[in-house]
Each structure stands twice: as C-alpha cells, then as structure tokens.
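Structure first, commentary second.
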Amino acid sequence: MNSLLLTGGRVVDPANHFDSIADVLILDGKISAVGKNLSAKAPKEIETFDAAGKIVCPGLIDLHVHFREPGQTAKENIASGTAAAARGGFTSVVCMPNTSPAIDNAGTVALIHERAAAEGVVNVFVTGAITKNIAGEELAPIGSLKKAGVVAITDDGHCIQNNELMRRACEYAKMFGLPIFDHCQDYSLVTDGVMHEGYWSLALGLRGWPSAGEEMIVARNILLAELTGAKIHCQHLSAAGSVALLRAAKKRGISISGEACPHHFTLTDAAVAGSEKFWANDGKSLNTQPSTIHWSAYDTNFKMNPPLRSAKDREAILEGLADGTIEILCSDHAPHCDYEKEVEFDYAPFGVTGLETELALSLMQLVHTKRISLADMIAKFTVNPARLLNLNKGTLSVGADADVTVFDPDQEWIFRAENSASKSKNSPFSGWRLKGKAVATLVAGKKVWAEDSELVVA
Ligand SMILES: [Zn+2]
C-alpha cells in the first residue's frame, strides 16, 4: 500500500542540496531511497511512474489559505479547498483562523483536524487566533491552542493595533515556541481604502490604501521581534518599503520573516483600471500573451488586501524574493462567492483564489525570467515554510513522509476558473496562458491528484 517508484525525473530537494536525475522509491508511505536505478531495489510488483522530463520535489506547502470552514462553506470547505491544493501541486496547507466562529479555542482546532482527517485529501495544518474572536482586544488562550496542535498564531484578515497587546502576544508565542504571523495593516492610515493609494486610485475615484499602512506595522513588528525575541512572520508583503525594512532587520539578525503572493508580484494597481491599461502600462514585462486576456475596469477579482501596488513595488517584491529577504511563497487563497464579488468595487470583499495558479505564476515570474534558480523557488514552497512552522515536512530525506510533487515547469496551459476544484471562481488569472503545471501530487505515497492516468502498474 502507498508504494511507488518514480523513475527518471529531475529530483530537486533543496533541504538536502540534491538536484539530479534520479529515481525516488516510496515504500509504505515513506521515502525509502533516492538515487539511480532503484528498480533493482524495489519490490517486483511495485507501481511505477515515469517522471522523465519532469521535476520531482518535496510536496509543496502553502502556509496561507482560507478554507472557510466552519461557517462560510458556500465559499469553500476542507474537501474543495484541499482538492484545489492537490490540483495545484500542494501536499500541505496551513489554514487561517478567520472562520466563523474564529479558530480561537482548542475545540475549533479539534473540529478542523477532525474534518481534515475525514474529508481532506492533503495535510491540513491549523493556525489559531492571537485574540479572542480576532477582535484585537483580549488574548486567546495561546497555551491551549498550542496543546490542541496549532502551528502558529495569527489574526489574519485583521491586525492587532494595540502595540502593548501585540507585545504580550509575542511573549506568549515565544514561550510556547510558536511563530506569530501578522497581516500588517495600520487601521488609522488605511481607514476604508479599497486599492493602492496612487495615480490609479485617483484616476478611478477609489479610496486609497497607502503603502505606509503596511510598512508602519512591518516596522512595529521588527521592533517587537527585537524586544521579545519572538519569531514574527509578516504575511503577504506588497510594498517596496516593507521589503527594505525586512532586509535591514534581517541583516541585524532579528527573527523576522516574510512571504509574498503571486498576484502581488505579477499584477499592479493598473489592473484595477482594466486589461488595456494594465497591458499598456505594467503588463509589457510579463511573459504571457496579453492580447488574449481581457477584463474591465473595476473588476473585483483584482481587489485584495493588501492591494495590488505599483510597478515599483512589484519589482521590489521580486528583488526581495531573489535576494532571500522574502523566503516564503504562498497564495493567500481567499475564496468568495460570485454574488459577493459581483457588486461595486467599494462593496466587494477583499481576496482572490490562488492554489491552482501559484506554482505556474511563481515559475513564470521567478524561474523562467532567471531571477532565481528552480531549487530556490522550490525551497520557498517546501523547506522554508517547514522550518518556520517546525513541520517535519518539506524534504525527500529517507524516512520522511512521502509527500511528493511532480511538475512540468514548461507545460503551457490555460487556467479557467470555471474548471477549478475550488468552490469559488474569484481568480484574476482566469483565461491566462500559464507556463508550468503540477502533473501529480502524492501525500504519504498516495496519489491524491494526477493530470491523467499516467500512473501505471508495471
Ligand atoms: Zn491577510
């Protein structure tokens, strides 16, 4: 059971500095060997998968997804969310706690674990809220959340404005050995902004969400990480100033980290003005086919929090990923129903889906453009998030769980949101020609998704 021999792929395992054409032997759900000509070592009746021409890597981890369970399962649930993850090449996801009710107590953590075991097709890790009901006023029972198995705490979707409360949260997080994730947003600066504050917000008559609203909290977090020694992880960075702050802080050895999402390093605020404006202004540098992709101004699939920013910010995020300032890639997969998004831009909820497009967009913007190596990109989806969260994942070491992703970095395909495994279709990338695609996703040696019936019995 759950045994498989992957043959002839390019095996890239950044945790072990391994990058070579090799076979991977999986026995009983664990990695048994990685090397040349393993068919001699394998049991005779083992199933084989011809991975020639493909990349074989540790199962990808997305440490920032919203699966809306409990409470908002019309948008997504654990079954549909994990199906979308598997299709995107992800073997592990980390759920945010801003559900309804919020994941702010051990009982709700247990509920998610139970549902994930029953209905999830990939590993589901859970984060707990920092404050009760994510209200930013009173700390949640962090010790009992830790005991219940959360891998981090965060008020994602919201941001604790009271610095003293955030300091206490950092002290508890450190005491319990948990990283603290932060959605960096200064409410007094952002107020009711709906898009990046700049030329396009002025031209479109929409209220601005200034970069300083993010940078202010990144700076606060750097100071608190230094003060408390807690591990603070800044979520979905969007602004150039945030990258500069993080870079300087890391040079001083402060325990701070950051993540970036493909929409922030592919699109810009010009996209809110419609496809014509985007392709004419900031889209020229993208390696896709602009003429085939149209959307109108005020399309709410380009509304997310933090918002799409300027071309200069996009470039700074890419530079931060290239020089290692930002060590983690993730989707911030945030599904919403059509009827919620089909309203005026001001009234639509923030957020876009991303699990099925993030691998391709990361390859396109980082690897195909030669900004970073393939191994570096894979590290940002595997060993780096695993280390931050103390997960025993993200490697193909012998004895590790056989979570494996097989992908073709050069396969071109068109993403159609209507064909997504997610319950929601709110992707800004529907209709885009993408380059790079997962072809098989294995969790503990079990195929949870494959492009077609390439898995054959030898
Ligand atoms: Zn957030």
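Numbering-wise, this note's numbering puts 98 at position 98 of the sequence shown, and it's gapless, one number per residue. Virtual Cβ for every residue (Gly too), placed ideally from N, Cα, C. The structure presented is a predicted model; accordingly, all values stated were derived computationally and were not measured.
Bounding residues of the beta strand (DSSP E) (the contiguous stretch that carries residue i)
{"i": "R433", "result": "R433 to V443"}
{"i": "F181", "result": "I180 to D182"}
{"i": "S20", "result": "F18 to L27"}
{"i": "T353", "result": "Careful: T353 lies outside any beta strand (DSSP E) and carries neither H nor E."}
{"i": "G128", "result": "N123 to G128"}
{"i": "W449", "result": "K446 to A450"}
{"i": "H233", "result": "I232 to C234"}
{"i": "S92", "result": "F90 to C95"}
Residues near residue i by beta carbon distance below 8 angstroms, same chain, minus five either side
{"i": "T131", "result": "D104, E137, E138, L139, A140, D155, I160, L165 and A169"}
{"i": "T127", "result": "V94, C95, M96, P97, I103, V150, V151, A152, I153, T154, D156 and F181"}
{"i": "L227", "result": "R167 and C170"}
{"i": "K446", "result": "N2 and G29"}
{"i": "N163", "result": "R220 and L224"}
{"i": "K251", "result": "none"}
{"i": "Q72", "result": "T99 and S100"}
Residue i, enclosing alpha helix (DSSP H) - first and last residue
{"i": "P262", "result": "P262 to T266"}
{"i": "K341", "result": "D338 to K341"}
{"i": "S242", "result": "A240 to K251"}
{"i": "L4", "result": "No alpha helix (DSSP H) holds L4; the beta strand (DSSP E) holding it covers L4 to D13."}
{"i": "S362", "result": "E358 to S362"}
{"i": "F278", "result": "S275 to N281"}
{"i": "T288", "result": "First-last for T288: undefined, no H or E at that position."}
{"i": "V109", "result": "A106 to E119"}
{"i": "R309", "result": "R309 -> no alpha helix (DSSP H), and no H or E assigned at all."}
C-beta atoms of residue i and residue j nearer than 8 angstroms
{"i": "G143", "j": "F176", "result": "yes"}
{"i": "T268", "j": "R433", "result": "no"}
{"i": "F407", "j": "F429", "result": "no"}
{"i": "P14", "j": "A375", "result": "yes"}
{"i": "T352", "j": "G59", "result": "The residue you asked about is not Thr; residue 352 is Val in the sequence shown. No, the pair does not count as a contact, with Cβ atoms beyond the cut-off."}
{"i": "L189", "j": "M216", "result": "yes"}
{"i": "L478", "j": "D19", "result": "An answer regarding residue 478 cannot be provided, because it is not within the stretch 1 to 458 covered by the chain."}
{"i": "L321", "j": "A417", "result": "no"}
{"i": "H263", "j": "G354", "result": "yes"}
{"i": "I55", "j": "G9", "result": "yes"}
{"i": "A110", "j": "A148", "result": "yes"}
{"i": "L204", "j": "V272", "result": "yes"}
{"i": "S463", "j": "I328", "result": "The question about residue 463 has no answer here: the residues shown for the chain are numbered 1 through 458."}
{"i": "T369", "j": "C57", "result": "no"}
{"i": "V443", "j": "T91", "result": "yes"}
Beta-carbon contacts of residue i that lie in its chain and below 7 angstroms, excluding the five residues immediately before and after
{"i": "A270", "result": "W200, K277, F278, N281 and D282"}
{"i": "L27", "result": "S3"}
{"i": "D192", "result": "R207"}
{"i": "W413", "result": "L434 and K437"}
{"i": "A244", "result": "none"}
{"i": "P290", "result": "W279 and G283"}
{"i": "A239", "result": "S211, E214, E215, R309 and D313"}
{"i": "L202", "result": "none"}
Beta-carbon contacts of residue i that lie in its chain and below 6 angstroms, excluding the five residues immediately before and after
{"i": "R247", "result": "T325"}
{"i": "R468", "result": "Residue 468 lies beyond the range of the chain shown here (1 to 458); nothing can be said about it."}
{"i": "G431", "result": "I293"}
{"i": "V456", "result": "Residue placement at V456 is poorly supported in this model, since its pLDDT is 38, which falls under 50; the coordinates are not used for a value here."}
{"i": "A440", "result": "V406 and A450"}
{"i": "I487", "result": "Missing from the structure shown is residue 487; the chain here goes from 1 to 458 and no further."}
{"i": "A85", "result": "V93, V122 and L355"}
{"i": "S242", "result": "E214, E215 and V218"}
{"i": "R87", "result": "E356, A421 and W449"}
{"i": "G120", "result": "I78 and T82"}
{"i": "V21", "result": "Residue identity check: residue 21 is Ile in the sequence provided, not Val. Closer than 6 angstroms at Cβ, skipping near neighbours: R10."}
{"i": "P70", "result": "T99"}
{"i": "A458", "result": "At A458 the pLDDT is 30, less than 50, meaning the model places this residue with poor confidence; the figure from the coordinates comes in the next sentence. Result list for A458: T48, in chain order."}
Runs of beta strand (DSSP E) lying entirely within the stretch 377 to 423, each at least 3 residues, in chain order = 404 to 414
Give, in chain order, every unbroken run of the beta strand (DSSP E) that is at least 3 residues long and sits entirely within the stretch 31 to 88.
-> 47 to 50, 55 to 58 and 60 to 65
Counting Cβ pairs closer than 8 angstroms, one from the stretch 324 to 333 and one from the stretch 48 to 67, do we hit at least three?
-> yes
Is the stretch 79 to 88 close to the stretch 409 to 424, with three or more CB pairs under 8 angstroms?
-> yes
For the stretch 142 to 223, which segments carrying the alpha helix (DSSP H) assignment without a break, of at least 4 residues, lie completely within its bounds, in sequence order?
-> 142 to 148, 163 to 175, 187 to 190 and 199 to 204
At a cut of 8 angstroms, does the stretch 341 to 348 reach the stretch 390 to 397 through at least three beta carbon pairs?
-> no
Would you check if the stretch 70 to 77 and the stretch 377 to 393 touch, i.e. whether three or more CB-CB distances between them fall below 8 angstroms?
-> no
Decide yes or no for the touch test of the stretch 292 to 303 against the stretch 223 to 242: beta carbon pairs closer than 8 angstroms, at least 3 of them.
-> no
Should the stretch 303 to 323 be regarded as contacting the stretch 29 to 42, the criterion being three or more beta carbon pairs within less than 8 angstroms?
-> no
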